[in-house]
Amino acid sequence: MTDRKSWDESQYARAYFASGCFWCVEAVYESVKGVEEVYNGYSGGHTKNPTYESSNTGRTGHAEAVEVIYDPKIVDFTTLVEVYFGSQNITQENGQGPDRGSQYRSILFYQSAEEKNIISEKIAELNSELAPDKVAAEVMEYEVFWMGEDYHQDYERLHPNQPYIKSVSLPRLKKFQSKYPDLLKENH
Numbered sequence: 135m136t137d138r139k140s141w142d143e144s145q146y147a148r149a150y151f152a153s154g155c156f157w158c159v160e161a162v163y164e165s166v167k168g169v170e171e172v173y174n175g176y177s178g179g180h181t182k183n184p185t186y187e188s189s190n191t192g193r194t195g196h197a198e199a200v201e202v203i204y205d206p207k208i209v210d211f212t213t214l215v216e217v218y219f220g221s222q223n224i225t226q227e228n229g230q231g232p233d234r235g236s237q238y239r240s241i242l243f244y245q246s247a248e249e250k251n252i253i254s255e256k257i258a259e260l261n262s263e264l265a266p267d268k269v270a271a272e273v274m275e276y277e278v279f280w281m282g283e284d285y286h287q288d289y290e291r292l293h294p295n296q297p298y299i300k301s302v303s304l305p306r307l308k309k310f311q312s313k314y315p316d317l318l319k320e321n322h
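Pasting the structure below:
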């Protein structure tokens, strides 16, 4: 499995999100100014060392998740939460788009009381706008991120002609980019 590069913890922070297929989520966050790297993996479950195959059974408790390495001097956690909600169907339970099951559920992982408050305030704001619908995402304290297999890393970038990428990932990315052009890196 891919080793995560060592990041200067005094310069970079980490955030963790699950929102359907990690290929889609990775592509969205990699397009955001201040995000240095995104890794695909698994989080939110009870099984140690999950694999793609075991996670897809829905029995590990894990969701496909991403680890976002970002520069907080350029982009803050609040903006990353905005990106999260702005890049998905926030009322869809147990999946996104065509991807269904607990392994595709939406989860925001917090690492501090401040992050939990940012998430809770955003969900309350969205719930008041959505009523009677509600935000379907879970909010969970971060415990561990299990790195995904090498072939899942940078998947959208490396496989732009793969049918799923063309029909699901790229439309989701393009929709996000059209809604938030001010958040994008110059080369996106």
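Quick note on my numbering: the sequence shown kicks off at 135 and runs consecutively.
Note that beta-carbon positions come from the ideal geometry of N, C-alpha and C, so glycine has one too.
These numbers come from a predicted model, not from an experiment.
Item, Value
"Exposure of residue 183, with buried meaning 16 or more beta-carbon neighbours within 10 Å", "exposed"
"Backbone CA spacing between residue 135 and residue 175 [nearest angstrom]", "Bear in mind that a pLDDT of 45 at residue 135, under 50, signals an unreliable position, so the model cannot answer this."
"Neighbourhood of residue 303 by C-beta distance below 6 angstroms, restricted to the same chain and skipping five residues each side", "157, 158, 161 and 290"
"Contact check, residue 225 vs residue 268, beta carbons under 8 angstroms", "yes"
"Rounded distance between the beta-carbons of residue 152 and residue 178, thought under 8 angstroms", "6 angstroms"
"Ordered list of alpha helix (DSSP H) runs contained in the segment 261-297, each at least 4 residues", "289-292"
"Candidates 247, 212 and 186, of which the one nearest residue 337 by Cα", "No answer is possible for residue 337: the residues shown for the chain start at 135 and end at 322."
"Enclosing alpha helix (DSSP H) for residue 178 [first to last residue]", "Run containing residue 178: none; DSSP gives neither H nor E here."
"Collapsed DSSP secondary structure at residue 238 in the structure displayed", "helix"
"Contact belief for residue 171 with residue 208 at Cβ below 8 angstroms, rounded distance in angstroms", "Contact flag wrong, Cβ pair sits at about 14 angstroms."
"DSSP state of residue 226 mapped onto helix, strand, coil", "coil"
"Close beta carbons around residue 180, own chain, < 6 angstroms, minus the five adjacent residues each side", "195"
"Residue 276 beta carbon less than 8 angstroms from that of residue 244", "yes"
"Distance between residue 314 and residue 247 (C-alpha atoms, nearest Å)", "27 angstroms"
"CB contact flag (residue 260, residue 310, <8 angstroms)", "no"
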